[in-house]
Amino acid sequence: MNAAPPVPDPVPALNPVPALDRSLKPLPKAPVRIVHLGLGAFHRSHQAWYTQHAPDAAEWGIAAFTGRRPDAAEALTAQDCLYTLVERSAGGDSFEVIGSIVEAVDGADVARLCQLVAAPETAVVTLTITEAAYGLAADGTFDADAPGVADDLRALSAAAAGETSTSGEPSAPGGTAASGEARVPGTPLGRLVWALAARKDSGAGPIAVVSCDNLSANGDVARRGVLGMAAAWGQDLVEWIAANVSFVSTSVDRITPRTTDADMAEVAEQCGYRDSSPVVAEPFRNWVLSGDFPAGRPRWEDAGAVVVDEIEPYENRKLWLLNGSHSILAYAGQLRGHATVAEALADPLCRKAVEDFWDEAANHLRAEGLDIPGYRQALLERFGNARIAHRLAQIAADATTKLRMRAVPVLAAERAEGRSGSGAALMLAAWIDYVAAAGEFQDPLAGEIRASAALEGTERVQALLRLVNAGIAEDTDIVSLVHRLCGSFSATTAASAAHTHT
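Plus 1127 on top of the position in the sequence shown (first one is 1) and you've got my numbering.
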C-alpha cells in the first residue's frame, strides 16, 4: 500500500474520540496486575495483544516502563495509553485499538516501579529488555563488568547498607537524607532487583518473572542475571528470590518493524483520529510459555498462547530458523546493498545462505510436533511480505549477544557430528565482514569490535570470534573455516554468482 498522504488538522486525537473512551465497552481500565520492563513496539504487538484478548482481560492491566528514554511513556500517557495495532498482510491492513496497557511510566521512575512490584495485587513481571541487557558474559555466566552492571552493583550494595531506600529515595542509615552520590540502578535488571527487595520488605508474597527476549532458556538467563545482581544486596535477598520468584521461559514470535510517519498518516486517514504511537505487525503471532505463576496470570492460552512443560525445542526452532536467518540476512543483506528482510530474501545469494543454515539447524530439531518443513515454508512467506518493511539495520544490533545464541549452538552441534558447520560459520563470516565495513553499529562490545576489526587476516577473525564465544575462537579449524568464508557477499562474489546463473 502506498503511504497515505498527511491528514490536515483538525483530526481528533485518539484519546478524546467517544468510541474509544475507557468508560465505554470494550475498553475498561483494568487494575494493574502485570508490570512490564521494556516498553516498545514488540511488547505492544505481542504480550499486550495477548493480554487484551484473554477472556479475563478486565482483571489484568499492564503498567509498562520504558528503557533508556521516557518518550514512549509520555506519548502513550497523552492518549490514556490507548494505541492502534495495525496488522499488515499482503492483502491489506486491519486496525485494532489496544487498551491492556493502563499505565506507561518512565523507566527512571524507580520509586513507582518499587511501589507496583511491592503491591500484593501484582502477580507478574514481564521483560522485553533486549538480549544484551541480561549482563551475561560470552560463556553465559553473570558478568559483573558488563556495561552499567558495575555501577548498579555499587548502588545495590549501598542500598543494602541503608544509604538508599527501596522507595527510590536516598537515605542514610537510620532513614535520614543522605548527602553524596547515592543513586538508584540504571539497568533493567538492577531496577528489577531493587523492586524485588521492596516486595520482600512489603511481605507481598511470590511473583513470576517472565522473560520475552530472544534467548535460549531465557527464564534461566533472567534468573542468573537477577541473582547475580541481588548478590550485591545480600544473601537474604538472594535466598528470598530463590524461594519466592519463579522465572518463566518463553518463545515469542511476531515480526514488528519500527513505526514510520507514513504508518501514523495511514491510521489518521483510515481510522479518523491521530495516534502518536501506533504499532505495525504481521498477522502471525506465537507465544510459548513454560513455568510456574505462583500468584496467577491471565488466561493467555485462550488467546492462542501455548503452555508447555518442555520449551527447549520450540525455543531452538525459533531462535535458529527465524532469528538465525534474520542475522544472516541482516549482515549479508546489508553487504549486498539491501535495506529490508524482503529485499535480502529475494537475493539468490542471501536466500541460499539462509537455506543452507536451515538445513544444518534442522539436523538438531528432531522433537515431535515441530513440523520443520512447514515452519520453514511459513518463514519464507512471512519474510517475503514486502509490506512489512523489517529493516536489516534494526536486526543487526547487539550481534555479539545474538550470534552466541543463533550461530554458535548450530555450529557446535554440526561439528560434534562430524560435519563442517559451514552454514553457521557463514553467518559469523558475514558479521565479521559487516563490522569491518560498517561505520556505525549498536553492540554492547562496540569498542572491542572496532579494535578487533582493525586487525588483519585470521588474527581479525579470531579476535572477533572471541567476543562471541571463546571456545570457537580457540578452535583453529573453525577460525580457518570462517576466514575462508569471509568475502562471500562481496561484489566480486556476486558478479561470479550472476555469471554462473547465466
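All C-beta atoms in this analysis are idealised placements derived from N, C-alpha and C, irrespective of residue type, glycine included.
Residue span of the beta strand (DSSP E) that contains residue i, given as start and end
i            : result
residue 1348 : Counting along the chain, residue 1348 falls outside any beta strand (DSSP E), though it belongs to the alpha helix (DSSP H) covering 1345-1357.
residue 1163 : 1159-1164
residue 1254 : 1251-1254
residue 1637 : Because the chain is modelled from 1128 through 1629, residue 1637 falls outside the range shown and cannot be assessed.
residue 1377 : 1372-1380
residue 1338 : 1334-1338
residue 1260 : No beta strand (DSSP E) holds residue 1260; DSSP gives it neither H nor E.
residue 1223 : 1219-1225
residue 1435 : First-last for residue 1435: undefined, no H or E at that position.
residue 1191 : 1188-1192
residue 1408 : 1406-1408
residue 1229 : 1228-1232
Near the ligand COA: residue i beta-carbon under 6 Å from a heavy atom
i            : result
residue 1429 : Annotation note on the ligand COA: not contained in the displayed structure, which lists no ligands.
is_contact[residue i, chain D] using C-beta, thresh 7 Å
i            : result
residue 1587 : The question asks about chain D, but that chain is absent: this structure has only one protein chain.
Segment limits, alpha helix (DSSP H) that includes residue i
i            : result
residue 1396 : 1388-1398
residue 1502 : 1499-1510
residue 1328 : 1315-1329
residue 1211 : Here residue 1211 belongs to no alpha helix (DSSP H); instead the beta strand (DSSP E) covers 1210-1216.
residue 1204 : 1198-1204
residue 1482 : 1475-1489
residue 1169 : 1168-1172
residue 1606 : 1603-1612
Whole-angstrom C-beta distance between residue j and residue i, which should lie under 8 Å
i            : j            : result
residue 1323 : residue 1368 : 6 Å
residue 1216 : residue 1188 : About 29 Å; that fails the 8 Å criterion.
residue 1488 : residue 1448 : 6 Å
residue 1382 : residue 1454 : So it is not a contact: roughly 14 Å between Cβ atoms.
residue 1466 : residue 1518 : 6 Å
residue 1164 : residue 1256 : 6 Å
C-alpha distance - residue i paired with residue j, whole-angstrom precision
i            : j            : result
residue 1601 : residue 1413 : 38 Å
residue 1545 : residue 1482 : 20 Å
residue 1500 : residue 1457 : 23 Å
residue 1146 : residue 1176 : With a pLDDT of 42 at residue 1146, under the threshold of 50, the modelled position of this residue cannot be trusted, and the question is left open.
residue 1558 : residue 1581 : 14 Å
residue 1379 : residue 1410 : 14 Å
residue 1118 : residue 1425 : Residue 1118 falls outside the range modelled here, since the chain spans only 1128 to 1629, and no answer is possible.
residue 1151 : residue 1329 : For residue 1151, the pLDDT reaches just 39, beneath the cut-off of 50, and the residue's location in the model is therefore unreliable, although a value from the coordinates is still provided. Looking at the two C-alpha atoms, the distance is approximately 35 Å.
residue 1260 : residue 1278 : 14 Å
residue 1281 : residue 1315 : 15 Å
residue 1629 : residue 1596 : Any reading at residue 1629 needs caution, since the residue's pLDDT is 28, under 50, leaving its predicted position unreliable; the model's value is listed next. Going by the C-alpha atoms only, they are around 40 Å apart.
residue 1491 : residue 1349 : 25 Å
residue 1611 : residue 1605 : 10 Å
residue 1498 : residue 1535 : 23 Å
residue 1274 : residue 1262 : 8 Å
residue 1496 : residue 1583 : 46 Å
residue 1156 : residue 1577 : 48 Å
residue 1388 : residue 1407 : 12 Å
residue 1579 : residue 1591 : 6 Å
Cβ neighbours of residue i in the same chain (closer than 6 Å, five flanking residues each side left out)
i            : result
residue 1252 : 1162 and 1336
residue 1609 : 1552, 1555, 1556 and 1588
residue 1355 : 1269
residue 1134 : Low confidence applies to residue 1134: its pLDDT is 43, below 50, so where it sits in the model is not reliable, and the reading given next is rough at best. 1395 and 1396, listed in sequence order.
residue 1566 : none
residue 1639 : Residue numbering for the chain in the displayed model covers 1128 to 1629; residue 1639 lies beyond these limits and cannot be assessed.
residue 1541 : 1487 and 1548
residue 1571 : 1259 and 1274
residue 1136 : Legend: pLDDT at residue 1136 = 46, less than 50; position of this residue unreliable, no value from coordinates given.
Cut-off 8 Å between Cβ atoms - residues of its own chain near residue i, not counting five sequence neighbours on either side
i            : result
residue 1532 : 1258, 1341, 1342, 1343, 1446 and 1450
residue 1237 : 1295, 1311, 1312, 1318, 1321 and 1322
residue 1391 : 1401, 1402, 1403 and 1405
residue 1419 : 1335, 1373 and 1375
Cut-off 7 Å between Cβ atoms - residues of its own chain near residue i, not counting five sequence neighbours on either side
i            : result
residue 1616 : 1459, 1462, 1463, 1476, 1557 and 1560
residue 1593 : 1600
residue 1469 : 1510, 1511, 1512 and 1513
Exercise. Three or more C-beta pairs closer than 8 Å, one from the segment 1191-1204 and one from the segment 1397-1411: is that the case here?
Worked result: yes
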